[in-house]
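Residue numbers (our numbering), protein chains in the order written: chain A, 1 to 483; chain B, 484 to 653; chain C, 654 to 753.
Below, the structure is given as structure tokens:
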């Protein structure tokens, strides 16, 4: 018997294969020679990530289906995969000096980071519910370990434990939902699901509805939408900062890709039901995230709640479920990747050994201590708040246009009002950095790799505002994707 | 029909009562042992449902390997001493949870009893070799070859991860 | 033979029991075992549906879920051991250095 793997199958997973190969090299190198591995494994990882990006460039504009419909490559998945790889690459740049500062082992860290990335890439392309479950678990299991990676710091351990318990809880809910859908429709293939839903009378099948609901809950945990957000602040605060940067953007991107594929493409015939649910979840998520963020004095927790709020904004695009909405999702994810990792990069640089110095007061007068850092952080805050001239502004405009087109006026009002509220706590950081003079002016030491990451994020944040058209050709093509 | 019903009722009672024992026992060692009983009952049900291969895997891997790991950790850490704090942070949760659970259960029961699965299928003509290892293997290496390969990566993550977490200071 | 719904209701009862266990218990090991209960409830549903639809795909899904569960157990118990080493107890409610 031969295993049927066609040429198209290899093309579909080539990005994943490059990264798995890199992970193997990093892990083996670490096993054989730790001294060499400590020095070069981040750079090997970066080479792998860049290789992955190049391979995505070759896939651009093409459509493939591989492994009997398990994975699809289309413009949507290629764009989201780019966002994920940008996130991974920037997180690696942040990790180099962070691991040295915290005296953590290097080799396994990059191996796990890469394997988690592979899980995210697979999740983005998955067109089969069992594949969605499997890749979700792949990325999550690696992230549980990375969250608890600082083994000597109790908070990191506790965050790992919390993330693990709630993550596997949500995975169990998801897999029960998959079982119910399998029972109701006889298939877990998303294309098969979409086809089965056209049968008369199937839409009122309660088993199907229960299954779809449980799958929605499972994915809701991963994107940290209210009311499934309770793990986010603790985990984001406790995890090592570069890991938080990585998971706040890349996990979110992958989970939103899966959510969009499941809801908009497989369950489009059920949209009458889930539309109202997503509407409510989106509104609650935006309101909760932004209001609670105001009360935070710890920058990591503030950014965690901000990340919850941004999940709400992306859900607005999912709820509109029209061409503009689907196009705006990858754009928002890419913009969010750069502005959020940028902000986390500054946080990583400012914190001292043992994750000390995460209060807002530690940012007092940053401008006088390191002007470049303060200006970058100000830009990221503007972008997260959606103030021009930044990528965050353009992304929000696309989003609001999608909501207008879909006639979601109520949701649009909530989004606009919460955006205005959010400006308060984002700008407060800026005010603290620029308006207050520090009691003592001590320079902030910024490692070169972190500087590179911050500068890349700044350039990208401005670029996406100045030349949104450069990505327009990309996003135009997104709508044409088939399942 | 009658024989299957009797077997189902017995195994069902064992499974449900052991499941409740798992979530209610104070001592984790007992909980592990009740969970093993639960897994055995499920394995028997798999046999009734003509899933022989999965039934054996259930006993070998789940009841055997995984639960031994649980038991090992519970005994190694001597967790029997770590009695739960009685005053809960969220006392409302304790009372709300069973109520929500009942609602969930009633909903699912209504869903299943809604007639969709009530009809008895002509189940006697199962394909030749249904539930044995050969067709599982065929599926794993044809349609599901990608998930099969991905599980190997998941296991690699688990290996690296548990070593990272459990090793002593570098 | 029996219709499918007795098996499905049994699986629903087990799933609900597991959910309750996660919600009411504060001992991570027991919460973790409750999650295993939920996964097994899903497996029972898969096997039942496979039997009544006469397709073996459900058996493959169970295979995959079991592998994932094994991986989860390895990592989860690793985290528990690491925490225990660091602090000598593992109660979730005592993990309150962080505010909710």
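Glycine included, each C-beta is placed from N, C-alpha and C at the ideal position. This one's a predicted model, so the numbers in the text were calculated from it and none came from an experiment.
For chain B, find out if any of its Cβ atoms is closer than 8 Å to the Cβ of residue i; answer yes or no.
i                      : result
residue 203 of chain A : no
residue 739 of chain C : no
residue 735 of chain C : yes
residue 688 of chain C : no
residue 691 of chain C : no
residue 71 of chain A  : yes
Shorter than 8 Å from the beta carbon of residue i to some beta carbon of chain A?
i                      : result
residue 641 of chain B : yes
residue 755 of chain C : This structure gives no information on residue 755 of chain C, because the portion of chain C shown stretches from 654 to 753.
residue 633 of chain B : yes
residue 572 of chain B : Its pLDDT being 46, under 50, residue 572 of chain B is placed unreliably in this model, and the coordinates cannot settle the point.
residue 629 of chain B : yes
residue 709 of chain C : no
residue 644 of chain B : yes
residue 492 of chain B : no
residue 625 of chain B : yes
residue 588 of chain B : no
residue 636 of chain B : yes
residue 681 of chain C : yes
residue 677 of chain C : no
Check the Cβ-Cβ distances between residue i and every residue of chain C, and say whether any is below 8 Å.
i                      : result
residue 137 of chain A : yes
residue 154 of chain A : yes
residue 112 of chain A : no
residue 545 of chain B : yes
residue 296 of chain A : no
residue 556 of chain B : yes
Take residue i and list the residues in its own chain whose beta-carbon comes closer than 7 Å to its own, dropping the five residues that flank it on each side.
i                      : result
residue 450 of chain A : 93, 94, 97, 345, 348 and 349
residue 282 of chain A : 312, 315, 316, 319 and 411
residue 52 of chain A  : 15, 18, 19 and 85
residue 490 of chain B : 531
residue 310 of chain A : 336
residue 266 of chain A : 190, 193 and 194
So, for residue i: in the same chain, excluding its five sequence neighbours on each side, which residues have a beta-carbon less than 8 Å away from its beta-carbon?
i                      : result
residue 536 of chain B : 614, 615, 616 and 619
residue 255 of chain A : 123, 136, 219, 222 and 223
residue 231 of chain A : 162, 163, 166, 167, 221 and 224
residue 369 of chain A : 438, 441, 442, 443 and 444
residue 533 of chain B : 609, 613 and 614
residue 408 of chain A : 279, 316, 319 and 320
Around the Cβ of residue i, are there at least 16 other Cβ atoms within 10 angstroms (buried) or fewer (exposed)?
i                      : result
residue 108 of chain A : buried
residue 306 of chain A : buried
residue 678 of chain C : buried
residue 43 of chain A  : exposed
residue 28 of chain A  : exposed
residue 279 of chain A : buried
residue 424 of chain A : exposed
residue 541 of chain B : buried
residue 459 of chain A : exposed
residue 33 of chain A  : exposed
residue 353 of chain A : exposed
residue 650 of chain B : exposed
My assumption, with CB atoms under 8 Å, is that residue i sits in contact with residue j. Please give the rounded CB distance.
i                      : j                      : result
residue 200 of chain A : residue 739 of chain C : Contact doesn't hold; Cβ gap of about 59 Å is too wide.
residue 113 of chain A : residue 146 of chain A : 7 Å
residue 700 of chain C : residue 130 of chain A : The Cβ separation is near 15 Å, so there is no contact.
residue 384 of chain A : residue 426 of chain A : 5 Å
residue 180 of chain A : residue 698 of chain C : 7 Å
residue 457 of chain A : residue 338 of chain A : 5 Å
residue 298 of chain A : residue 356 of chain A : Contact flag wrong, Cβ pair sits at about 12 Å.
Return the chain-ordered list of same chain residues with a C-beta closer than 6 Å to the C-beta of residue i, the five sequence neighbours on each side being excluded.
i                      : result
residue 229 of chain A : 308
residue 382 of chain A : 390
residue 59 of chain A  : 73 and 78
residue 495 of chain B : none
residue 486 of chain A : Residue 486 of chain A falls outside the range modelled here, since chain A spans only 1 to 483, and no answer is possible.
residue 8 of chain A   : 64 and 66
residue 197 of chain A : 269
Check whether chain E comes within 8 Å of residue i, counting only Cβ atoms and requiring the distance to be less than that.
i                      : result
residue 718 of chain C : Here chain E cannot be found, since the structure's protein chains are A, B and C.
Which parts of the segment 353-381 of chain A are runs of the alpha helix (DSSP H), unbroken and 4 residues or longer, counting only runs that do not cross its ends? 366-369
In the segment 208-247 of chain A, which residue ranges form an unbroken alpha helix (DSSP H) of at least 4 residues, counting only runs that do not cross its ends? 232-238 and 241-246
In chain order, what are the residue ranges of uninterrupted beta strand (DSSP E) at least 3 long that sit wholly in the segment 88-136 of chain A? none
Start-end ranges of the beta strand (DSSP E) lying completely within the segment 692-737 of chain C, minimum 3 residues: none
What are the start and end residues of each continuous alpha helix (DSSP H) run of 4 or more residues lying completely inside the segment 152-212 of chain A, in chain order? 154-185 and 190-196
Ordered list of beta strand (DSSP E) runs contained in the segment 256-316 of chain A, each at least 3 residues: none
Give, in chain order, every unbroken run of the alpha helix (DSSP H) that is at least 4 residues long and sits entirely within the segment 372-427 of chain A. 391-405
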